[in-house]
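Just so we're aligned: the sequence shown equals residues 14 to 413 in the working numbering. A virtual CB, placed ideally from N, CA and C, is assigned to each residue, including glycine.
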Amino acid sequence: MLVMEFKAVLKEPQKLAINEAIRTARFIRNKVLRYWMDNRGKGKKELYRYNTQLREEFEFVKDLNSHACQASVENVERAIKRFFDNCKKKVPGKKGYPRFKKYSRSVEYKQSGWKLSPDKKSIKFTDKKGIGIVKLKGTWDLWRQDIKLIKRVRIIKRADGYYVQFCVKTDNNEQLEATGYTIGLDVGLKEFYTDSEGYFEPNPRFYRTGEKRLKFYQRRVSRKKKGSTNRKKAINRLGRHHLKISRQREEHAKRLARCVIRSNDLIAYEDLAVKNLVKNHCLAKSINDAGWYQFRRWLEYFGQKFGRITVAVNPAYTSQNCYICGEIVKKSLSTRTHVCKCGCQLDRDHNAAKNILTRALSTVGHTGTLFNAWGEDTSTLSGSGLEEQVTSLNQESPAF
């Protein structure tokens, strides 16, 4: 699935109409979720029937396209399925029980309720919400795509405006020539990552760099009177700066992941549980600022797109073990140099990257090279050092 995103050029009445459509979609989602909570055991058919009752009962719900209403029900259905799957898998901690939404930023249409212009530079929403014709501003070559392949159209509200996303069902995989290189990556806070060849990628620390400006905008928000127009403007300015930092982090992770994938046939990295790591309140801000999850997500995506093998290995003792003799050399986080009695002396991150690559290559050997060239799931042997083989993502854009 390929996601093409365009900036929407809107007039003020259109913005109000989009906000009303978003509120309606949220209303349907919360009502259907409440119906499921009050009537345990109800299945998918009952949820869609209740959606039909809502359309008959409320006129403003009927004004929204019927497929857009169904998309809101699908969101509830996915949340319920995710919760029960986590319960069956006995995921530790909270299982993700479905919750009501107080705020939402998007409304999704399926293959009806909209119509593209012949030049595909504008889109018209045909339901009764009154959005009308929306001009599209962007560089994607949407005119090359068959309209029948567009399976979803989303309108998303962000701090800097409104965007229209087209989800196109297409195969965008590319086959690259083999390079003959393999690499192991150890992510960190001092350096963004260190590879098994000894190269250090500097950590840009986008949040730390912009933190002074964020505090300035936050003070401006706190000084404004609650409910005033000036306070809303100050909140929007703060949100736009947060959005800028998140985009910088995402683009940085995407650029590095693409370069690493194109330059190597096999890429090994740690299977880190970032959700647990950020529980350390001393390092949580720095870990979130580094963007390890975004980097891993793009590695897996580009691994599938370009036909490269991506392997997530167990991170246990990768920094403590000596990559030459295997001896455990205990060291604290402040100790940055690995010194072993066998004579090995390396930067601790360089040593960890070599251990990560060695562990991944030994796993491939144990499994009889069962890895699929497109980064799909493969079977692994117990005790081989892999907790799980990660499936590459199939999406072109960041999370909506």
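When the five nearest sequence neighbours on each side are left out, the beta carbons in the same chain lying within less than 6 angstroms of the beta carbon of residue 85 are those of 38, 41 and 42, in order along the chain. Of the candidates 120, 289, 301 and 189, 189 places its Cα closest to the Cα of residue 272. Inter-segment contact for the region 256 to 272 and the region 355 to 363 is absent: fewer than three beta-carbon pairs are separated by less than 8 angstroms.
The shortest CA-to-CA distance from residue 366 to any of 274, 328 and 172 is the one to 328. A distance below 6 angstroms between beta-carbons, with the five flanking residues on each side excluded, links residue 300 to the following residues of its chain, in chain order: 290 and 291. In the structure shown, the three-state DSSP call for residue 73 is helix. Judged by pairs of C-beta atoms under 8 angstroms, the region 56 to 68 does not touch the region 109 to 129, as fewer than three such pairs exist. Put simply, of 202, 239 and 337 the residue whose alpha carbon is nearest the alpha carbon of residue 305 is 202. Setting aside the 5 residues that flank it on each side, residue 243 is surrounded in the same chain by 237, each with a C-beta closer than 6 angstroms to its C-beta; the list follows chain order. Counting every other CB atom within 10 Å of its CB across the protein chains shown gives residue 180 a total of 16 or more, marking it as buried. Taking each of 278, 297 and 227 in turn and checking the Cα distance to residue 286, the smallest one comes out for 297.
Taking 9 angstroms as the cut-off, the Cβ atoms of residue 208 and residue 198 count as close.
For the options 22, 71 and 321, the alpha carbon positioned closest to that of residue 193 is the one of 321.
Taking every protein chain shown into account, the CB of residue 156 has fewer than 16 other CB atoms within 10 angstroms, so this residue is exposed. Following the DSSP letters along the chain, one finds residue 351 inside the beta strand (DSSP E) bounded by residues 350 to 352. When 176, 254 and 166 are compared, the shortest CA-CA separation from residue 151 is found for 176. Under the three-state reduction of DSSP output, residue 68 falls in the helix class. For the pair residue 34 and residue 128, the CB atoms are not nearer than the 9 angstroms cut-off. Of all alpha-carbon atoms in 170, 70, 149 and 293, the one lying nearest the alpha-carbon of residue 32 is that of 170.
Around the CB of residue 276, fewer than 16 other CB atoms lie within 10 Å, so the residue is classed as exposed. Spanning the alpha carbons of residue 172 and residue 330 requires a straight line of approximately 43 angstroms. By the criterion of a C-beta distance shorter than 6 angstroms, residue 148 is surrounded in its chain by 22 and 135, once the five residues flanking it on both sides are discounted. The three-state secondary structure of residue 206, taken from DSSP, is strand. The Cβ atoms of residue 78 and residue 19 do not sit closer than 9 angstroms to each other.
The secondary-structure analysis by DSSP pairs residue 127 across a beta bridge with 138. By the Cβ neighbour-count rule, residue 27 is buried, with 16 or more other Cβ atoms within 10 Å of its own. The alpha-carbon separation between residue 107 and residue 154 amounts to approximately 42 angstroms. Judged by DSSP in its simplified three-state form, residue 332 adopts coil rather than helix or strand. Of the candidates 76, 87 and 195, 195 places its Cα closest to the Cα of residue 370. With a cutoff of 9 angstroms on beta-carbon distance, residue 168 and residue 223 are scored as not near each other. If you draw a straight line from the Cα of residue 355 to the Cα of residue 346, it comes to about 22 angstroms. Per DSSP, the beta bridge partners of residue 16 are 180. Annotation for residue 144: no alpha helix (DSSP H) segment contains it, and DSSP assigns it neither H nor E.
For residue 281, the enclosing beta strand (DSSP E) begins and ends at 279 to 283.
Excluding residues up to 5 positions away in sequence, 206 and 305 lie with their Cβ nearer than 6 angstroms to the Cβ of residue 200 in the same chain.
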